[in-house]
Amino acid sequence: MSIRIDRIVTRGGDGGQTSLGDGTRVSKSSDRIEAMGTVDELNAQLGVLCCYMAQDTRTSGLEEEVRQIQSCLFDLGADLCLPDPDRAPSLTAEASLWLEDRLEEMRQSQQELRSFVLPGGSLVAAHAHLARTVARRAERRVAVLEQVPAETLRFLNRLSDYFFVLARHANNHGATDILWSPGRWHQKKI
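The sequence shown begins at 1 in the UniProt record's numbering and counts up by one.
Structure representation (structure tokens):
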């Protein structure tokens, strides 16, 4: 499919309305536009994550995988922009199964979890945790919409799991994770 973008400034959204892919005009504050924007935000966060991954030997080999996820998010955004119940969704069960396989493969080499993990550690891990939280928010925003294929929600759900496991991978397979210590502020005054 060839895509051509002739201009960026259209002035069509200056009054608080925007167009969906089928030409339908909707408020920029609509649930659908909020969901599309959150998926776009996630994609931008993945761009930042890839920049850091390329500089980290522990994750540089996974950068292309995250780029593939970015393409999937564009497909998902296109589906959200064209809310036709008769249109076949771009993402199929295969995409979610691929994520499951990938995260399970990474998880196999990780240390056992003995507590909740505080977001942080390496720069890659911190950005993967941020991507995880944006993926969860995207899932919540998409879940409120009508006519969303189950596979779309399943893919977003798997994405947050994937980024959690990727963060642990970036933290030396969990060895340098920062674990939550309940009641820590009682134990040691900051």
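Ideal placement from N, C-alpha and C gives every residue a C-beta, glycine not left out.
query: S96, DSSP secondary structure in three states; result: helix
query: Cβ pair count under 8 Å reaching 3, the stretch 98–114 against the stretch 129–149; result: no
query: Cβ shell of A135 (< 7 Å), same chain only, five flanking positions each side left out; result: L42, L156, L159, S160 and F163
query: Span of the alpha helix (DSSP H), counted from its first residue to its last, around R141; result: L123 to A143
query: Proximity below 8 Å, CB of L20 to CB of C81; result: yes
query: Given E34 as reference, the closest of L153, D75, L123 and V144 once Cα atoms are compared; result: V144
query: Straight-line Cα distance separating K28 from L130; result: 25 Å
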